[in-house]
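First the structure, in the form of structure tokens, and then the observations on it.
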Amino acid sequence: MPQKQANGYTILTVQPTLPQPIDLMTEPIESIEVSLGDRSYPIWISTGLTESAEQPHFAKYFRAAVGDCTHVVLIHDAAVSNTIASRVEQQLDQAGIRITNVSIPSGETSKSVSMLDSIWNTMLESGTDRRSVVIAVGGGVVGDLAGFAAASFTRGLRFVQVPTTLLSMVDSSVGGKTGINLPGGKNMVGSFWQPQMVWIDTQSLSTLPDRDFISGMAEVIKYGVIEDAEFFSWLQDKAARLIEKDAETLRYAIRKSCESKARVVAEDERETSGRRAILNYGHTFAHAIEATAGYGVCLHGEAVSIGMQMAAHLAIDMELCDRSLLEEQTAVLSAAKLPLAWKDADPEKMLPVMSRDKKVLHGKLRFVLPDRIGHVAMVGDVPSEKVIAAILACRDEPKG
Ligand code: GLY
């Protein structure tokens, strides 16, 4: 409380309300903790809990996660302005929180320096201060962009992720990677900035276009290949059912994926030991596909699916695994209706992009390659002829 002094001045004591542990466990919601010491945070997973204005679940969990808050910068994908973003806004408004709304055009091209500049200026003009909280509502593009705005404005604001696409629910919203693209390289500028909570409401997936939903399946399947063989065999049974968006099956797949991601991030938050790099299985190829096709032409998950196929071909050529791994991976990816090949794959264009990849260390390319389902290794000194052969092997859809 401000204290009035005899001389007329008021002494302000800054005592922020601390986040509170949630003890109201009556809602149908699941949680996973990302264990990072004093930066640990929960991932909440539910279906339909953001909908109701009468029961403001989101506002309650938000308060519990961030503590004091009188101003929010709500950065959302224009595609969800009238759905989940407006529900979040309504609940925060009812809770007496001032809201600055920032709508971002859908698509990878929004992850740019100019968009970030415009967000910074809106934040400045709207009186954003160090106790404001940034909330990202949308897919990976909005999460990465808003996260970097939160990390950089006044050297760091609290941040909450509300992912609305499958890909952002299972990957980009968890683990604190934020950033933007440069014309010559994806995610080249950014920082690690962990959110205070991740709020997943699978209801958002019901309005997600099929192509985007399926694209997210690539990251789900990735977890099975890199570190969870049991989950991979579950996917062998359930991939086809998953793309019908059955709520319970989906929540299970999202939970398993987030558990995988949380485990890896807890072991290597800043990708220094090599453990976190396993999450980039297929991504060195995928980033080169996306950059050479032009950002936004090939969806990220589609590129990851093709990239995983290229990586499996490379692993076979390097004698790390046999063809059965590729066959099993192919079967699950195609059950999820993901692309397996890219007819324009051009090693001459892709290799220069790959040499700028963040996995390059001391000028040497490294790849995350599987040696069995559920296990991958970081492999260096890969001859470029083998990389070229792996790219060319995925120009045509596999036969049979
Ligand atoms: N998407 C890879 C990572 O978060 O490390």
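Residue numbering for the sequence shown follows numbering that gives the first Met the number 0, starting at 0 and increasing by one per position. For glycine and all other residues, C-beta sits at the position ideal for the given N, C-alpha and C.
Per DSSP, P55 has no beta bridge partner at all. Nearest neighbour of T153 by Cα position, chosen from I118, G223, G273, turns out to be I118.
At least one heavy atom of ligand 1 falls within 7 Å of the beta-carbon of D170. The continuous alpha helix (DSSP H) containing F230 extends over residues 228-241. Secondary structure note for P162: its beta strand (DSSP E) is the uninterrupted segment 157-162. Counting along the chain, the unbroken beta strand (DSSP E) around N100 starts and ends at 97-103. The residues T99, in chain order, have a CB closer than 6 Å to that of S125 in the same chain once the five nearest residues on each side in sequence are set aside. The Cβ atoms of V367 and I277 lie closer than 8 Å to each other. In the assembly as shown, S304 is a buried residue. Its beta-carbon has 16 or more other beta-carbons within 10 Å. Excluding residues up to 5 positions away in sequence, G184 lie with their Cβ nearer than 6 Å to the Cβ of R355 in the same chain. In this structure, I390 sits near M349, with a CB-CB distance shorter than 8 Å. Here K363 carries a strand assignment [DSSP, helix/strand/coil].
Contact between A148 and I74 is confirmed by a C-beta separation of about 7 Å, below the 8 Å threshold.
Counting only runs that start and end inside the segment 98-151, the alpha helix (DSSP H) elements of at least 4 residues fall at 112-124, 139-151. Here H374 is bridged, per DSSP, to R371.
Counting the other CB atoms within 10 Å of its CB gives V375 a total of 16 or more, which places it among the buried residues. L73 is bridged by DSSP to N100, I134. Collapsing the DSSP output to three states places L181 in a strand. Taking a 10 Å sphere around the C-beta of R210, we find fewer than 16 other C-beta atoms and assign the residue as exposed. The alpha-carbon of G142 is positioned some 6 Å away from that of S172. Bridge pairing for W341: absent [DSSP].
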